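In my numbering, the protein residues as written are 42 to 600.
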């Protein structure tokens with residue numbers, strides 16, 4: 042630990058944190074703090090990549106019409122924007138298609154294939170979807186339409202009959218990194234194409250802003266290639282050269298350089314809003330806009346849809362809580378499955394996530410769509426939701442997803458049986474500790490260790506995300522001063538350090554701890570370290586995650 046601290050000139054606390062993350066040598070630290078594009082893997086290591094590039098080149102040579110087809114969420118729309126914008130710079134016979142969430146649902150639709158056929162498209166590049174669309178792609182083949190599938194969801198037992206299936210999660214795919222986003226796989230496709238056709242390689246890395254937005258918003262692990270792509274993608278985002286992203290940053294009210302967290306909570310929901318409330322085509326149009334005026338028009342539209350979305354999901358969440366609280370079986374269950382045919386299809390995933398925050402158990406929220414129950418599922422940390430859903434697959438019309446999130450449809454009359462089977466599957470698999478919210482603490486830290494250099498080094502550890510989360514520190518036995526309750530919701534106080542400095546701490550949504558800290562007794566705090574900017578002044582600030590009475594732990598030890 043001390044050796045690493047000396048080699049890279051950091052304090053022993055940060056060196057300890059790095060070693061815990063597997064960064065235990067000078068070379069490892071160099072790669073961690075200074076990611077390089079040269080460390081990206083050769084895209085041709087991905088199964089079927091050579092086939093995909095060959096078919097795309099053939100389509101361009103023969104002047105075929107190419108349709109870029111993508112999902113309606115952030116990952117899908119950024120994927121479509123990336124591939125469409127790249128190809129359209131040198132090839133005119135191209136268009137894009139995003140399915141309607143409400144009428145077509147997730148994935149490749151027969152309606153979308155009929156659109157491609159009626160408009161004479163002979164090659165479809167499917168992004169962030171397609172790996173489980175076996176029937177739909179067979180239907181397309183009958184109509185003379187070839188598919189290149191770029192997907193990162195778990196494949197089923199049978200793969201679609203397509204020209205190329207680009208998905209690192211295939212068991213026989215030798216690609217070294219398995220956790221790319223859908224847009225990340227789209228980027229690998231254009232990277233491979235530009236390697237074989239260097240005349241089209243100019244400006245390829247300009248698309249990393251879109252890749253970074255997809256990685257951040259799709260909550261994929263922030264390690265390996267994802268961390269490299271996001272590191273450079275954030276730089277592109279903050280250059281604000283893409284009119285659509287610049288306009289989105291403006292309506293979101295950001296003045297500073299954006300972090301991953303800003304993308305997740307500021308940009309992602311606005312891009313998602315169009316597909317949730319109306320149609321995701323507007324999101325793609327925003328991201329491929331060429332002029333400032335055009336981009337601003339789409340950004341204002343998305344911002345308006347996002348406001349509507351917030352109002353909708355707040356009301357639906359209240360209704361969901363009421364359904365749970367009035368049902369004794371649901372209160373004591375290991376899972377939550379709710380159905381209401383009136384709920385808006387575009388916000389059920391958000392409501393599922395909010396239910397998990399409150400009840401901390403695997404949750405599926407269903408509504409009615411096209412005479413079927415359509416659900417959005419979310420999981421708690423460590424529990425494989427997808428496997429539990431697979432155990433009920435005989436009841437389902439369609440399903441797909443990841444370990445922590447999935448989508449599914451079934452006949453409404455099978456809903457009660459599904460609830461029982463899913464509860465059984467969860468109850469048989471889930472561990473008691475997975476049903477209890479927990480906070481992972483990286484390090485116990487004296488407040489005196491926190492200074493501007495400490496924060497500066499922390500900031501260089503970004504981008505943070507799953508499997509590379511922002512560090513959470515514990516400091517025990519501190520005495521809050523200048524305690525305030527902000528807007529009856531947020532807690533703020535200051536802490537006096539032994540070296541005479543003061544540092545502020547703020548806990549958003551932690552107003553319920555006000556009486557505890559007003560008790561005049563020491564507390565233990567968990568927090569991350571950030572910079573607060575106010576009236577042009579910058580100061581270090583602790584972002585509280587949790588706190589407890591210092592006496593409570595002492596009493597527990599005594600008993």
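Glycine included, each C-beta is placed from N, C-alpha and C at the ideal position.
Since we're looking at a predicted model, the values are computed, not measured.
Exercise. Any heavy atom of the ligand COA closer than 7 Å to the Cβ of residue 281?
Worked result: With respect to the ligand COA, the structure shown offers nothing to examine, as it has no ligands at all.
Exercise. DSSP on residue 398, reduced to helix/strand/coil?
Worked result: Taking the first residue of the chain shown as position 1, residue 398 is located at position 357. Secondary structure at residue 398: helix, using DSSP grouped into helix, strand and coil.
Problem set entry | Nearest-angstrom beta carbon gap, residue 486 and residue 73 [assumed within contact, 8 Å] | Mapped onto the chain shown, residue 73 falls at position 32. Mapped onto the chain shown, residue 486 falls at position 445. Going by Cβ atoms, the distance from residue 73 to residue 486 rounds to 20 Å, so no, they are not a contact pair.
Problem set entry | residue 201 versus 209, 182 and 216, residue with shortest Cα-Cα distance | One-based indexing of the chain shown puts residue 201 at position 160. Nearest Cα to residue 201 within the set 209, 182 and 216: 182.
Exercise. Hey, out of 364, 236, 241 and 226, whose CA is closest to residue 249's CA?
Worked result: If you number the chain shown from 1, residue 249 lands on position 208. Considering only alpha carbons, the answer is 226.
Exercise. Near residue 210, which residues of its chain fall below 7 Å by C-beta distance, leaving aside the five closest residues on each side in sequence?
Worked result: As a working mapping, residue 210 is identified with position 169 in the chain shown. Answer for residue 210: 193, 195, 196 and 219, listed in chain order.
Exercise. CA-CA distance, residue 205 and residue 85?
Worked result: Indexing the chain shown from 1 puts residue 205 at position 164. Indexing the chain shown from 1 puts residue 85 at position 44. For residue 205 and residue 85, the gap between their C-alpha atoms comes out near 12 Å.
For this session: For residue 580, write down the residues that DSSP places opposite it in a beta bridge.
Result: Here the question's residue 580 lines up with position 539 in the chain shown. BP columns for residue 580 point to 573.
Problem set entry | Alpha carbon of residue 465 to alpha carbon of residue 371, nearest angstrom | Numbered from 1 along the chain shown, position 424 holds the residue referred to as residue 465. Numbered from 1 along the chain shown, position 330 holds the residue referred to as residue 371. C-alpha of residue 465 to C-alpha of residue 371: approximately 13 Å in a straight line.
Exercise. When the Cα atoms are used, what is the spatial distance from residue 534 to residue 589?
Worked result: Position 493 of the chain shown, counted from the start, is the residue given in the question as residue 534. Position 548 of the chain shown, counted from the start, is the residue given in the question as residue 589. Residue 589 has its alpha-carbon roughly 15 Å from the corresponding atom of residue 534.
Problem set entry | For residue 151 and residue 106, believed in contact at Cβ under 8 Å, the rounded distance | Stepping through the chain shown from its first residue, residue 106 is reached at position 65. Stepping through the chain shown from its first residue, residue 151 is reached at position 110. Between residue 106 and residue 151, the beta carbon gap of about 19 Å keeps them out of contact (Cβ cut-off 8 Å).
Problem set entry | Segment limits, alpha helix (DSSP H) that includes residue 206 | As a first step, residue 206 is located in the chain shown; it is residue number 165 there, counting from the start. It is not in any alpha helix (DSSP H) - residue 206 instead sits in the beta strand (DSSP E) that spans 205-207.
Exercise. On the three-state DSSP scale, how would you describe residue 543?
Worked result: In the chain shown, residue 543 corresponds to position 502, counting from 1. Reduced to three states, the DSSP call for residue 543 is strand.
Exercise. Residue 345 by DSSP, collapsed to three states: which one?
Worked result: For the purposes of this step, residue 345 is identified with residue 304 of the chain shown, where counting begins at 1. Reduced to three states, the DSSP call for residue 345 is helix.
Exercise. Using the C-alpha atoms, what's the distance from residue 512 back to residue 46?
Worked result: Taking the first residue of the chain shown as 1, we reach residue 46 at position 5. Taking the first residue of the chain shown as 1, we reach residue 512 at position 471. Their Cα atoms are separated by approximately 17 Å.
Exercise. In the structure shown, what three-state DSSP assignment does residue 273 receive?
Worked result: In the chain shown, residue 273 corresponds to position 232, counting from 1. Helix at residue 273.
Exercise. In its own chain, which residues sit with a C-beta less than 8 Å from the C-beta of residue 401, not counting the 5 before and 5 after it?
Worked result: Position 360 of the chain shown, counting from 1, holds the residue named residue 401. The beta carbon of residue 401 is closer than 8 Å to those of 421, 476, 477 and 478 in its chain, skipping five residues each way along the sequence.
Exercise. Under a three-way DSSP split, which group does residue 79 fall into?
Worked result: Looking up residue 79 in the chain shown gives position 38. It is helical.
Exercise. By DSSP, does residue 595 sit in helix, in strand, or in coil?
Worked result: Position 554 of the chain shown, counting from 1, holds the residue named residue 595. With a pLDDT of only 45 at residue 595, under 50, the local geometry of the prediction cannot be trusted, and the value read off the model is given with reservation. Residue 595 falls in the helix class under three-state DSSP.
Problem set entry | Helix, strand or coil at residue 229 according to DSSP, with G and I counted as helix | Along the chain shown, one-based indexing puts residue 229 at 188. In the structure shown, residue 229 adopts helical secondary structure according to DSSP, grouped into three states.
For this session: Could you pull the start and end residues of the alpha helix (DSSP H) that residue 68 belongs to?
Result: In the chain shown, the residue the question calls residue 68 occupies position 27. Counted as a single uninterrupted DSSP element, the alpha helix (DSSP H) harbouring residue 68 occupies residues 67-74.
Exercise. Can you list, in chain order, the stretches of the alpha helix (DSSP H) that have 4 or more residues and sit fully within the segment 263-341?
Worked result: DSSP runs (the alpha helix (DSSP H)) wholly in the segment 263-341: 265-280, 284-293, 309-318 and 322-328.
Problem set entry | Alpha-carbon to alpha-carbon, residue 148 and residue 175 | Locating residue 175 in the chain shown gives position 134, where the first residue counts as 1. Locating residue 148 in the chain shown gives position 107, where the first residue counts as 1. C-alpha separation (whole angstroms): 11 Å.
Problem set entry | Beta-carbon proximity of residue 257 to residue 301, cut-off 8 Å | The residue you call residue 257 lines up with position 216 of the chain shown. The residue you call residue 301 lines up with position 260 of the chain shown. Yes, Cβ-Cβ distance for residue 257 and residue 301 is below 8 Å.
For this session: Please list, in chain order, all residues of the same chain as residue 153 whose beta carbon is under 7 Å from its beta carbon, the five residues on each side excluded.
Result: One-based indexing of the chain shown puts residue 153 at position 112. Closer than 7 Å at Cβ, skipping near neighbours: 110, 138, 140 and 145.
Problem set entry | Beta-carbon proximity of residue 52 to residue 490, cut-off 8 Å | Within the chain shown, residue 52 is the residue found at index 11, counting from 1. Within the chain shown, residue 490 is the residue found at index 449, counting from 1. For residue 52 and residue 490, yes; Cβs fall inside 8 Å.
For this session: Mind checking which residues open and close the beta strand (DSSP E) that includes residue 164?
Result: Sequence index remark: in the chain shown, residue 164 carries index 123 (1-based). Residue 164 -> beta strand (DSSP E) spans 162-168.
Problem set entry | Separation of residue 556 from residue 354, as counted between CA atoms | Numbered from 1 along the chain shown, position 313 holds the residue referred to as residue 354. Numbered from 1 along the chain shown, position 515 holds the residue referred to as residue 556. Between residue 354 and residue 556, the C-alpha separation is close to 31 Å.
Problem set entry | Residue interval of the alpha helix (DSSP H) (run including residue 177) | Numbered from 1 along the chain shown, position 136 holds the residue referred to as residue 177. For residue 177, the uninterrupted alpha helix (DSSP H) run begins and ends at 175-183, by DSSP.
For this session: For residue 337, collect the residues of the same chain with a Cβ closer than 7 Å to its Cβ; drop the 5 residues on either side in sequence, then sort them by chain order.
Result: The residue given as residue 337 occupies position 296 in the chain shown. Answer for residue 337: 288, listed in chain order.
Exercise. If you follow the beta strand (DSSP E) that residue 405 is part of, which residue opens it and which one closes it?
Worked result: As a working mapping, residue 405 is identified with position 364 in the chain shown. Its beta strand (DSSP E) spans residues 404-410.
For this session: For my contact list, residue 406 and residue 389 are in at a C-beta cut-off of 8 Å; report their separation, rounded to the angstrom.
Result: By 1-based counting over the chain shown, the position of residue 406 is 365. By 1-based counting over the chain shown, the position of residue 389 is 348. Their Cβ separation, rounded to whole angstroms, is 4 Å, which keeps residue 406 and residue 389 in contact under 8 Å.
Problem set entry | residue 169 and residue 112 closer than 8 Å at C-beta | The residue given as residue 169 occupies position 128 in the chain shown. The residue given as residue 112 occupies position 71 in the chain shown. Contact: yes.
Problem set entry | Local conformation of residue 116 per DSSP, three classes | Mapped onto the chain shown, residue 116 falls at position 75. Here residue 116 sits in helix by DSSP.
Exercise. Any idea which residues DSSP pairs residue 522 with across the strands?
Worked result: The sequence position of residue 522 within the chain shown is 481, counting from 1. Note: residue 522 sits in a beta bridge opposite 535.
For this session: Have a look at 508, 188 and 379 and flag the residue whose alpha-carbon is nearest the alpha-carbon of residue 460.
Result: In the chain shown, the residue the question calls residue 460 occupies position 419. Residue 460 has its Cα closest to that of 379, out of 508, 188 and 379.
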